[in-house]
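The letter at position 86 of the sequence shown is residue 86 when you use the numbering used here, and the numbering goes up by one with no holes.
For every residue, glycine included, the Cβ atom is placed at its ideal position computed from N, Cα and C.
Predicted model only: the values in this text are computed from it and were never measured.
Heads up: the structure comes next, in structure tokens.
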Amino acid sequence: MSNTNLPDESFRDSIGTITKEGKRNFIYPKKPSGKFYDKRKLLSYLLLAFLFAAPFVKINGNQFLMFNVLERRFNIFSFPFWPQDFHLFVMSMIIGVVGLTLFTVAFGRIFCGWFCPQTIFMEMVFRRIEFWIDGDRGAQIRLAKQEWNAEKIRKRVMKLFIFFVISFMIANVFLAYLVGSDELIKMITEGPAKNLSTLVALLVFTGVFYFVFGWFREQVCIIACPYGRLQGVLLDDKSVIVAYDHVRGEGENGRKKWRNGEDRKELGYGDCIDCKQCVVVCPTGIDIRNGTQLECVNCTACIDECDTIMEKVGLPKGLIRYASEAEIVNKEKFSLTTRMKGYIAVLTILIGLLIGLLFLRGEVEATVLRLPGQLYEHKGDKISNVFTYKIVNKTVKELDSVHFKLVNPKGEVKVVGNEYFKVPKEGLAEGTLFIEINQAFLTGDKTKIKIEVYSGKERIEKTTSNFLGPRSF
């Protein structure tokens, strides 16, 4: 026997951006407005300013942010990191993942709605340009159905040209993060003729950004981004998300269109007047009243729109708000769950470990290794081994008069070439050296030796290596 009172769950079998025929359903959201939207605009423009300025800001000669994968050089908050610091980079990434997981467990996809570059560019740059050129939701739908005339061609060409220019600017900024702002400026001044390969790469990335923001749009969040699918695992009834208060909105008899002067409570109807404004304003085309969904990015547009409607009809605001399921059903206030406390503990330990490693991290790193496949050599009563050395200078100052001293055991270091050499700023020096030690000071066939590296009279690093000698009986 079927129960006709069961809620319609068919929405869970499809997504708003795909029609029943399997074709792309373009979303034309209404232009949002309200207190949350104003706060998001302010935060978005601050983040955009930071994104565009970060590769061009330098502190102590270091670019503020740089991720030079090709040369394996990274600057994070002006601190240079080299391949030798890869463990610190991995630790930072782990902290980011754990931190994002904690915020998702506690506050849902707040990152997606407020901090994600995809959302910021789409909603605060490209979508606003679209509103400016094509008009609001109704005008955009009419323009899409309109025949190709002078007005439609003019608006389409203008919009696509502006989209292309902005995409090209974004590609250039990302290139500044990859190769460094100085290198980017150099390429620009030299002209495209001398940097054809770079120009081709720029145009490819421009095409990618243009495709994402001009056509693919919200499908990035739904299809391409794995984070949205993780929220189903991470969220629980204590997580604070953008939620519809179904207890208040549905009442005993469900929703009903607004009728002035009607006592809705007496008739058993909820406060939701079924105006569907929360649906038409949603940039991913969902109905928030159906509950938490994969497509929801917590952008708060539905909160602002619902509050505006509630104010107009004289009902309390907050029918859609930041709330947990436990708060809506059981009136429970937000509190840290055991799972949240566990994530906080792990995050605290990881941050403490990273801070400790950063303090232990030296500005100069030296490595001295025996040349593989080479045996020791007798030189009178001395034993000689050949080594290779590599000195990485992570500072923005050139190291002058760099040389080695053998601390333990006593011996002599002979560098192939100049005994005193220079290490360029943010560069490295490598070469070959011989170490000679009197056989009497050796403890066996393998002796651990300690070497110090000096720049002038200042010791800048110390390292150890193994020295081979005759087996003692």
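Note to self: If we require 4 or more residues per run, which alpha helix (DSSP H) segments fall completely within the region 93-139?
What the structure shows: 110-114, 117-121, 127-134
Checklist line | Pick from L375, G427, S384 that is closest to L399, judged by C-alpha positions | finding: G427
Next item on the list: With a threshold of 16 other CB atoms inside 10 Å of the CB of T104, please say whether the residue is buried or exposed.
Entry: buried
Margin query: For I59, which residues in the same chain have their Cβ closer than 7 Å to its Cβ, ignoring the five residues on either side in sequence?
Written below: S78
Note to self: Within 10 Å of its beta-carbon, does T348 have 16 or more other beta-carbons around it, so buried, or fewer, so exposed?
What the structure shows: exposed
Checklist line | Exposure of S335, with buried meaning 16 or more beta-carbon neighbours within 10 Å | finding: exposed
Next item on the list: Assign M169 to buried or exposed, taking buried as 16 or more other Cβ atoms, counted over all protein chains shown, within 10 Å of its Cβ.
Entry: exposed
Next item on the list: Kindly indicate which residue of M91, I451, I273, P192 has the alpha-carbon position closest to the one of L357.
Entry: M91
Item checked: Per-residue DSSP class, three states only, for D237 -> coil
Check: What are the start and end residues of the alpha helix (DSSP H) that includes Y45?
Finding: 35-53
Check: So, is N3 buried or exposed, given that buried needs 16 or more other C-beta atoms within 10 angstroms?
Finding: Bear in mind that the predicted position of N3 carries a pLDDT of just 43, short of 50, making it unreliable; the figure below should be weighed with that in mind. That one is exposed.
Next item on the list: Could you tell me which residues DSSP pairs with R73 in its beta bridges?
Entry: N68
Next item on the list: From the DSSP output, read off the bridge partner residues of F467.
Entry: T447
Check: Where are the alpha helix (DSSP H) runs, 4 residues long or more, that stay fully inside the region 274-321, in chain order?
Finding: 277-280, 301-313
Notebook entry, point to check: For S401, which residues of its own chain have a beta-carbon under 7 Å away from its beta-carbon, when the five flanking residues on both sides are left out?
Noted result: Y420, S455, G456
Note to self: Going by DSSP in three states, G270 sits in which element: helix, strand or coil?
What the structure shows: coil
Notebook entry, point to check: CA-CA distance, Q439 and L371?
Noted result: 20 Å
Check: Helix or strand or just coil, what does DSSP make of S14?
Finding: coil
Next item on the list: Starting from the C-beta of F107, find all residues in its chain whose C-beta is less than 6 Å away, skip the five residues before and the five after it, and write them out in chain order.
Entry: V240
Check: Straight-line CA distance for I110 to C302?
Finding: 14 Å
Item checked: Distance between G251 and L6 (C-alpha atoms, nearest Å) -> Note that L6 has pLDDT 43, beneath the 50 cutoff, so the model's placement of it is unreliable and the number below is only indicative. Near 16 Å, if we compare the C-alpha coordinates of G251 and L6.
Margin query: Using a Cβ-Cβ cutoff of less than 6 Å, which residues in the same chain neighbour C275 once the five nearest sequence positions on both sides are dropped?
Written below: I309
Notebook entry, point to check: Skipping 5 residues on each side, what residues in its chain have a beta carbon closer than 8 Å to that of L294?
Noted result: I15, I222, G228, R229, Q231, G232
Check: Cα separation between P226 and P117?
Finding: 15 Å
Margin query: Are the CB atoms of I391 and V423 within a distance shorter than 7 Å?
Written below: yes
Checklist line | Residues bridged to A366 (per DSSP) | finding: I391
Check: Looking only at DSSP bridge pairs, what is A429 linked to?
Finding: I391
Checklist line | Terminal residues of the beta strand (DSSP E) in which K405 lies | finding: 399-408
Notebook entry, point to check: Excluding sequence positions up to five away, which residues of its chain have a Cβ less than 7 Å from the Cβ of E458?
Noted result: none
Margin query: Just verifying my parser: in three-state terms, what is the DSSP assignment at P192?
Written below: helix
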